[in-house]
Structures are given as structure tokens and as C-alpha cells.
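Student:
There are 2 protein chains.
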Amino acid sequence: MEESTGALPRKDDFSQWYNEILWRAEIMDVRYPVKGLYVWYPYGFGIRKRAYGILRDLMDRDHEETLFPLLIPKTEFMKEAEHIKGFEDEVYWVTHGGTSELDVPLALRPTSETAIYPMYSLWIRSHTDLPLKLYQIVNTFRYETKHTRPLIRLREITSFKEAHTVHATREEAEEQVEAALALYKEFYDALCVPVILSRRPSWDKFPGADYTVAVDTIMPDGKTLQIGTVHMLGDHFSRTYDITYEDANGDQQYAYQTCYGISERSIAAVISVHGDDKGLVLPSAVAPIEVVIVPVIVGTRRDEVLSAAAELESELKGAGFTVKLDDRDMRPGAKYYHWEMRGVPLRLEIGPRDIDSNTVVAVTRTGRKVKLDRRGVVEGISSIFAEFRGELFEAAKQAMADRITVVATLEEAASAVKSGVAVAHWCGSQECAEKIEAATDASILGSDIRSDLVTVSDGPCIACGGKGTSTLIARTY
Amino acid sequence: MEESTGALPRKDDFSQWYNEILWRAEIMDVRYPVKGLYVWYPYGFGIRKRAYGILRDLMDRDHEETLFPLLIPKTEFMKEAEHIKGFEDEVYWVTHGGTSELDVPLALRPTSETAIYPMYSLWIRSHTDLPLKLYQIVNTFRYETKHTRPLIRLREITSFKEAHTVHATREEAEEQVEAALALYKEFYDALCVPVILSRRPSWDKFPGADYTVAVDTIMPDGKTLQIGTVHMLGDHFSRTYDITYEDANGDQQYAYQTCYGISERSIAAVISVHGDDKGLVLPSAVAPIEVVIVPVIVGTRRDEVLSAAAELESELKGAGFTVKLDDRDMRPGAKYYHWEMRGVPLRLEIGPRDIDSNTVVAVTRTGRKVKLDRRGVVEGISSIFAEFRGELFEAAKQAMADRITVVATLEEAASAVKSGVAVAHWCGSQECAEKIEAATDASILGSDIRSDLVTVSDGPCIACGGKGTSTLIARTY
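These protein sequences, in sequence, are chains E and D.
Take 1 as the starting number for the first sequence in this note's numbering and just add one per residue.
Take 1001 as the starting number for the second sequence in this note's numbering and just add one per residue.
(1) Are at least three pairs of beta-carbons, each pair with one atom in the stretch 359-379 of chain E and one in the stretch 195-212 of chain E, less than 8 Å apart?
(2) Does chain E have any CB closer than 9 Å to the CB of F1068 of chain D?
(3) Going straight from the alpha carbon of R239 of chain E to that of Y1256 of chain D, what length do you get?
(4) What did DSSP end up calling M1078 of chain D once you bin it into helix, strand or coil?
(5) Note down the Cα distance separating W339 of chain E from Y1337 of chain D, rounded to an integer number of angstroms.
(6) Find the residues of chain E that neighbour Y1143 of chain D, judging by a C-beta separation of less than 7 Å, and give them in chain order.
(7) For a test of the three-state rule: what should DSSP assign to H1147 of chain D, helix, strand or coil?
(8) Could you give the distance in angstroms between the alpha-carbon of I1072 of chain D and the alpha-carbon of T111 of chain E?
(9) Could you run through the stretch 55-84 of chain E and flag, in chain order, every residue whose CB is less than 7 Å away from some CB of chain D?
(10) According to DSSP, simplified to helix, strand and coil, what is D1326 of chain D?
(11) Any beta carbon of chain E sitting closer than 9 Å to that of P1207 of chain D?
(12) Alpha carbon to alpha carbon, how far is L1392 of chain D from S159 of chain E? Give it in angstroms, no decimals.
(13) Interface residues of chain E around T1158 of chain D at Cβ under 7 Å?
(14) Ignore the nearest five residues each way along the sequence and tell me which others in Y477 of chain E's own chain have a CB closer than 6 Å to its CB.
(15) Taking L346 of chain E and T364 of chain E to be in contact with their CB atoms under 8 Å, please state how far apart those CB atoms are, rounded to whole angstroms.
(16) Could you give the residue range of the beta strand (DSSP E) that holds L1134 of chain D?
(17) Who are the neighbours of P1042 of chain D on chain E, taking C-beta pairs under 7 Å?
(18) Does the contact criterion of 3 or more C-beta pairs under 8 Å hold for the stretch 1048-1065 of chain D versus the stretch 1111-1123 of chain D?
(19) Starting from M119 of chain E, find everything on chain D with Cβ-Cβ shorter than 8 Å and list it in chain order.
(20) In the DSSP assignment, the alpha helix (DSSP H) including V421 of chain E goes from what residue to what residue?
(21) Around the Cβ of G1228 of chain D, are there at least 16 other Cβ atoms within 10 angstroms (buried) or fewer (exposed)?
(22) Once DSSP output is grouped into helix, strand and coil, what is the label at H1274 of chain D?
(23) On a Cα-Cα basis, can you pick out the residue from E:G97, E:E90, E:H96 that is closest to G1097 of chain D?
(24) Considering only C-alpha positions, which residue in the set E:E175, E:F87, E:V104 is nearest to T95 of chain E?
(25) Does any residue of chain B have a CB that is nearer than 9 Å to the CB of N1139 of chain D?
(26) Considering only the beta carbon of each residue, do D478 of chain E and S15 of chain E sit closer than 9 Å?
(27) Hey, how far is the Cα of A1269 of chain D from the Cα of R1149 of chain D?
(28) Short of 7 Å in beta carbon distance, which residues of its chain neighbour I84 of chain E, apart from the five on each side in sequence? Order them along the chain.
(29) Using DSSP bridges, identify the partner residues of W93 of chain E.
(30) Which bits of chain D does V94 of chain E rub up against, with CB to CB less than 8 Å?
(31) At least one CB of chain D closer than 9 Å to the CB of W485 of chain E: is that the case?
(32) When the Cα of L410 of chain E is compared with those of E:A399, E:A422, E:M400, E:D402, which residue comes out closest?
(33) For R1301 of chain D, collect the residues of the same chain with a Cβ closer than 7 Å to its Cβ; drop the 5 residues on either side in sequence, then sort them by chain order.
(34) Taking the alpha-carbon positions, what's the T1145 of chain D to L1191 of chain D distance?
(35) Which residues in the same chain as W1017 of chain D place their Cβ atom closer than 6 Å to its Cβ, once the five residues preceding and following it in sequence are excluded?
(36) How is F200 of chain E classed by DSSP in three states: helix, strand or coil?
As C-alpha cells, then:
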């Protein structure tokens, strides 16, 4: 496909950098002729495939994968008043099949509660059917009227992993909320993406939920990106959709439910958190190509070098690495540029001198260069990847910590959110939230903060001076 | 979930059998409140996951996976006159976003040519970009007005694997058609599903294609099920969507294209070809559970048996098998019924006597019983699975061969298609096709037959007596 030329904007200019890296690193093509819909380049889809492979493995430990229809009849969709109110401006409606008008319009799922829960009502009979923990990875749709942005604000979310669980008691559902948060934390750990958890204010929870705990990361421009949500649904939906079970005494009881989701924003986070002025930087766990081999061809030993490179490729493939041998007839510098842009974590260079000394030169995407013993190359790479992962995660945590400021006044909060996130005490009232939001031009993101990077405490609300708890104030995507 | 009770209809009564096995074996739930849309049970989705894993591995050898949007603007969709004519009565239209009417209605893809090819026009510049071989696995939509049937005739095809390739020359595109057919054959071999390939008559080819070669299997009721199609598109779409490349001489050339697809009909084929009066029969390659362990608990050695069963489970999991230990407090007969219905290829029974003699009793889904040495159990199972696979495939081929009759007259053809497929000589004219179809109440499926089960030849057309070639006549799903 088209090769990019010219320099990537510096990452300090984050918005420009983000837009450009998407096509220069062949992640998304934004030229699809409908606003808010984008095309995955194969390379970008490769990142998605590996990241969702990790997510699937985590989910499959104690969830089962399934698949429900995209189209939801308006009649089912409208049953849950609070829920539909949260989505009514955002739903795409199918009104025609061929040239005929449909009797009942069909919604493109914005999320699948109203598709799944009528079936749960049929499936769940007894306490022995519980807990039920299912998930699906599907496309969902939002008619976004705001500015759209690839991977972040979409009209077709192509990769929505949504889980829907059913439990006998409220306590078990609350435990599931915690289990889901732990699972999401583990997922983002694998991606080396540091996160902050917080409980959303009541006006910002999922429509129909008792409460919502969200997973956020902080982007390079200091704005937060919500990259996961876990909702405690209580018995709200089970009463609407009649999801009941017979308990051990033979009595019918309403079930308790949770749901939780992660989208391709997870990929936006990986790109944004780790990337640098030269392009993507990918942890090996999500890199479609983990190792690129560049033969250094000089003079007369061309065939020997190419054959040594091919041998190396085959050994590494055998060891389970995804490897690309770049034997194109180009100058090495152009190859380095190409693979650095795409975030390949490790480049191996092999030339006549390396063959003579039985070594290989390894250069990480962040520039660390080591000579590896050719015989121990597999172990050498594994150990470089482990270190590289640690390095990326530490750097990301440090960058995130630097973007969090503990503040004691509205003025300090207003100043802090210009370049990051403020942590302040807030009493929990909507009135004070409005004051804080007006004074800072930012949002109350959430309370009950959980993060290694923030120490939480009680203290006076920065708006009214009443009793408050630590709360995140942020500009958000 | 709900456990089925009562007997499965006999497979001779295929239509009833098919409908009932879908819910009794927990494959699809047909109670979703929109006609033609169905819900995958987790168990059924497990079969789909394994089968599509095989397909992905085959595709990934020399294709790249990608993802294009579901929604296609009417303006793009309408560009290809012949193509749209083939689909215009079947397209779902999104006309509203929230409460506003959209400026341009959006089609739910019935297939993705019109979504993908405008992007190919941007991506392909030079002969060095070719060949381009991409695929995606997506949901597609058809507003079916005919009778719908789970996995076979759907309004939402949930699992459409479509590939779209671009080549410099017509010859290379034709070679790709052959490569795709070989790949599909390999896929169905892995599923132990025998197939017949044939070239569709011109009026039955893909709208916009030069020609279509289809992959069919024969269902137990003698009707054929089309389970894969490969289309030679020529330069038809490249001229409409302006897909050109600069050749080595610097001249602009139109590219040649192919596309080919497989849907969840592949799962319908596995179910229908192998199942029997007791339920599903799954080759281990697609079984969500390959081995079920049933501890035989008698008298006082309960704990010892359960612990031996758990040890066996853990050893088999370690060896890479998907294993279920069924230690429910139920009589063994009920457990056998449960897992036979779900097609688990192998049941292991372990009780006090087996512990004493250091053996395990293995029973295949088709009833072959062997005693395995406990120490060599992993090798024993691998060898049983290899034999089981051979047995299933041979039985399926034999059943298919029995449903094919070579005929020499219209009367013989009419009789043969009552219970299977007729192979007759046909001259290729539409007039004779109409005569044959009227006389047999069946369809001309295709010519240029390729199958180990059929010997092809030239001979007099059974309608006009003119020169004809071997042609399939069949009732079709």
C-alpha cells in the first residue's frame, strides 16, 4: 500500500500526532465515505487480533462466549424506560427491507441488554442455572453527533466486548463487579497501560444501572479516556424483562445482574500511551510482528547473509515468535524508519561481521542495543521482551503519575486540568459538581478512586467546604 | 439452562430432526423475537469458534485479516448496476439516526464489494501492491422473504468469512479461484464434510461476476446445501470502482479480482452430515468438548474415584485436549444421554475396577469401546481421534455417494432427485435448463463438476439430445 513520507508530527502535538500515526502506521483508514466509520488496515487489525486474544483468554477462564443478533425490535428496545432515554438520540433505525417498510423498526444495538435479557428470561429457571456469565464481541452503533475520532468516538464500534452476568443475590452481583474490575486491570496490565478506577457520579452512570465503576487512562494531552466500564444493574432489568429463578425453597426470586464492556478504545490507549515521535511502540504481547530481521548486505557475502537471516527467521518462528524478514532491496535506514513507525518491538541486524563472531545485533524500539549470542538468541529475545515490557509499563506509569495533581482549591483544580487530571475533595452533591465543573471547565470523572498512583483521603469539598472524598476532575474524550 | 427431555426425532425425518437438535444440543435458540434472527448458545458458539479457528489458520497462510464497516452509503451501493440488481429486494436500509432522517440511507452489507472496492481504489497504486488478498469475518444481512432456517437461511448471517483479492492479470485471478477452491476443500476435509464443486449456470452466478464456482454438500434429505462460493470477478468491479495499478512500464491497467465466501452454513453441514438419532456427532477438530470424563462411583471408593478422575482431567488438559469432568450427582445414563446429544467424540469412564487395573474405558460417540492403558492414555486418545475422524469422513462420503445417481433421461432424473442428486448431460442452453427443471421439479446446480464421487463425461443433453456435459440437477436449500 502507500508508504508514508515526511516526518510524523511530534507527540507533544498529540491530536495531530494521533491522526497521522493512524495511517502512517497502517492502523485505520479514515477515508471511508461515511462519517464516524473507519476501515481497519490489516496491520492495525493485527494489533486488535492480538489484544482481543488476550482479552478472550481472560474472559474464557470463567465466562462463555456467545452471539446475539444485531437487530433489536423497537418493541423490546422500548421496554426499559430509563435505558432507552439514555440512548434514544443515538440509535440507528432500520425501517426498510428491500423496498418494503418494516412493520416494526429495528434498532442497531447500541449495547445488547435489550437483545439479551428477553432470552435470559427464557434460559434461567432455577438457582442451579446461576451464576450465568456470558460475553460476546460484536459491532455496536451510536449515531454520534459530536466530533468523531477513529478508535475513540465512532458510529460503528467494531470491537465491543460486552459481558452480561446473572446472579442469585445482590452480594454475588457486587462481587462480580469486583471480579470484572480485576479482570480489566489484568488486561490493561498485559497491554502495559496504567489505569485509574473510579465510581461515576450518579448522572453519569449507565442508563438503568445502580452504579457504574469506570476504568480510565490519561492520554498524552492530559485528557482522560474511558477504556472500560463495569455496571451493577441490581434487579432493575430483571424486573423489566422478568428474569427470575426458583430458589432452593421453591420460591420465585428476581435475579441480580451486572454488565461490563471494553471496546477498541483499548487499542487507542495502547497507541497513545506508548507511541513516540518516531511512531508506534508496541509491547510484544500485542505486536503483529514481534521481531523484524534486517540483513546487512555488504559486498560479496550477500548470499551468505541472506541465508543466515533466513535461518534465523526460521528458528525464531519455530520458537513461537512472529517474525518478518525484511529482505527488500532498500537502504537499511528506510527499513528502520518503516518498522519503527509500526512499533515493532525488536529489530535484529545480521551481517558478515555478525556471522563471523556468531552474534546478532538486537535493537529495541526504544533504542537499547545489545549483541546477542547467536546460539542463545531465543532466550536472549525472551529476556529482552520481558525487560522491554517492564520499561514500557514503568514509563507509562511515570507519565501518568506526572499528569495527576492533588489540589485543594477550585483555582488549583482549574490550573491542574489544563495539562492533566486534578484530584480534589468533593462532597458528592450535584450543586457542588456544577460549581466545580464551571470553575474548571472540566468534568467530575468519579469518586472512590482506585489507583496505585493516587493516595485518597477525606477532606473538605473544594466547592462548599463540607465533608468530601477524593474525586477525579478531568477533561475527557 | 433448560435440559431437554424426550426423544430426538429420527434423522430420517430430517427437517424435524434438524429443528430439534438445534435446541436440544444447545446450538441455536430460535425464540429471538425477529424472524430469521437466532441466538447462538455458548455450546453452539464453541463449535463455530473451533471451525472458524481452522478457517482462519488456513486463510492466514497467505491472506491478511481486516475489517470494513457494516454500513454502506446508498450512493456507493448503487454504483454497480448489475450487482445492486441482484440484491435490491434483499437489502435492509437504515434511514434514521436518533430521531433525524439521514441524508443518505445506509445499507446493511449483504456482502462487502461496494464497501471494500472504493478503498481498494485508494490503496492500490502499483503492480508491487499486487496481489492483494484480504479477508474479514463479519455479520451480513439479507431481507429474506422466503422461509428462514437457522444457520441456513438467515436475515443476519453472523459469521460470513469473505475474501477479496486483486491481481494484475486475468490469469492470476483465475489461478486464485483455483487456490480458493483448494483452500475450501481443505477446510471441509478438516470438518469431514465431503463436497462437490461445480460451475453455476450463468443466471445463477454472483451478480457482477464472470463466473461462479460453488461448493455444495448433500444433506440427509437429498437436497444440496451450498456451503461456499468462489467468484471470478474479472475486471467488472475494477472498472466501476476504478481499481487500477501502474504496471512495470508505467502504464495504468485495470486490475482483476476474485471474491469468495463461507458462512455458518458450514456449521449446518457439520451438524447435518454427521449427526445421528442420538444427537450431534462432532469430529474432535470442531468439538468444544473433546473428552468427557464420567467417574463411575460405586460404594465406598467415591473419593478415590473422583480424585483419579480429576487427575485424568488435569493430565488431558495438560496435553491440550478440551476436557469436561462430569462429576454431577446424576445417574450415568443421564450423563451419557446429555453428552451424546452434544456430540462429544469421546467419553472416558473411570471406576474402582479401572483404578485397580490401571486402565480407562473409552467409548467413542459412534459406540466403539476400548480399554486404554492409563499410562498411555494421551497417545491412546490421539489415535482414537485419528481413527474416529477417518470413520466419520468415510461414512459421510459413502452416504453422499449413495445420494448421487447418474441418469440418462428426464424421467430418471425426476426420479433420482426425489431422494438425492442427479448427474445428467446438459447442453448448457437456458431453454433446455428450463425443460429439465420443469420435468424434475429441481434446479440445474452446475456443470464442470469436480468430485471424487462422480465420474464426468460428455454425452447427449437429456433435454435436446445435443452435445452436453455432466451437470448436477438437485433440489437445493
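Ideal placement from N, C-alpha and C gives every residue a C-beta, glycine not left out.
Tutor: Concretely, from the data shown:
(1) Contact fails: fewer than three Cβ-Cβ distances are below 8 Å.
(2) The C-beta of F1068 of chain D comes closer than 9 Å to at least one C-beta of chain E.
(3) Taking the straight line joining both Cα atoms gives about 57 Å.
(4) For M1078 of chain D, the three-state secondary structure derived from DSSP is coil.
(5) W339 of chain E and Y1337 of chain D have their alpha carbons spaced roughly 56 Å apart.
(6) In chain order: G97, G98.
(7) When DSSP states are grouped into helix, strand and coil, H1147 of chain D belongs to the coil group.
(8) Rounded to the nearest angstrom, the two C-alpha atoms are 21 Å apart.
(9) Taking 7 Å as the Cβ-Cβ cut-off against chain D, the residues of the stretch 55-84 of chain E that qualify are E64, E65, T66, L67, F68, P69, L70, L71, P73, E76.
(10) Correct three-state label for D1326 of chain D: coil.
(11) So no, P1207 of chain D is outside the interface.
(12) Taken atom to atom, the span from the alpha-carbon of S159 of chain E to that of L1392 of chain D is near 37 Å.
(13) Against chain E, the beta carbon of T1158 of chain D has neighbours under 7 Å at L67, listed in chain order.
(14) Here Y477 of chain E has I152, K223, L225 as same chain residues with Cβ atoms under 6 Å from its own Cβ, once five neighbours each way along the sequence are excluded.
(15) The pair is a contact, with the Cβ atoms about 6 Å apart (cut-off 8 Å).
(16) Unbroken beta strand (DSSP E) run through L1134 of chain D: 1132-1141.
(17) In chain order: E64, E65, T66, L134.
(18) No: fewer than three Cβ pairs fall under 8 Å.
(19) Result: D1029, R1031, Y1032, V1039.
(20) In the DSSP assignment, V421 of chain E falls outside any alpha helix (DSSP H) and lies within the beta strand (DSSP E) extending over 421-426.
(21) Counting the other CB atoms within 10 Å of its CB gives G1228 of chain D a total of 16 or more, which places it among the buried residues.
(22) Helix at H1274 of chain D.
(23) Residue nearest to G1097 of chain D within the set E:G97, E:E90, E:H96 is E:E90 (criterion: CA-CA distance).
(24) Here the closest residue by C-alpha is E:V104.
(25) Protein chains in the displayed structure are E and D, and chain B is not among them.
(26) Residue 478 of chain E falls outside the range modelled here, since chain E spans only 1 to 477, and no answer is possible.
(27) Distance from the CA of A1269 of chain D to the CA of R1149 of chain D, rounded to the nearest whole angstrom, comes to 13 Å.
(28) Cβ within range, chain order: F77, M78.
(29) Beta-bridge pairing links W93 of chain E to E:A107, D:H1096.
(30) Close to V94 of chain E, with beta-carbon spacing below 8 Å, are these residues of chain D in chain order: Y1092, W1093, V1094, T1095, L1108.
(31) Chain E is shown only over 1 to 477; residue 485 of chain E falls outside these bounds and no answer can be derived.
(32) Nearest neighbour of L410 of chain E by Cα position, chosen from E:A399, E:A422, E:M400, E:D402, turns out to be E:A422.
(33) Cβ contact annotation for R1301 of chain D (same chain, cutoff 7 Å, sequence separation greater than five): P1352, in chain order.
(34) Taking the straight line from one Cα to the other gives about 31 Å.
(35) Excluding sequence neighbours, W1017 of chain D sits near P1009, K1011.
(36) Here residue 200 of chain E is Arg; the residue named in the question, Phe, does not match the sequence. Here R200 of chain E sits in coil by DSSP.
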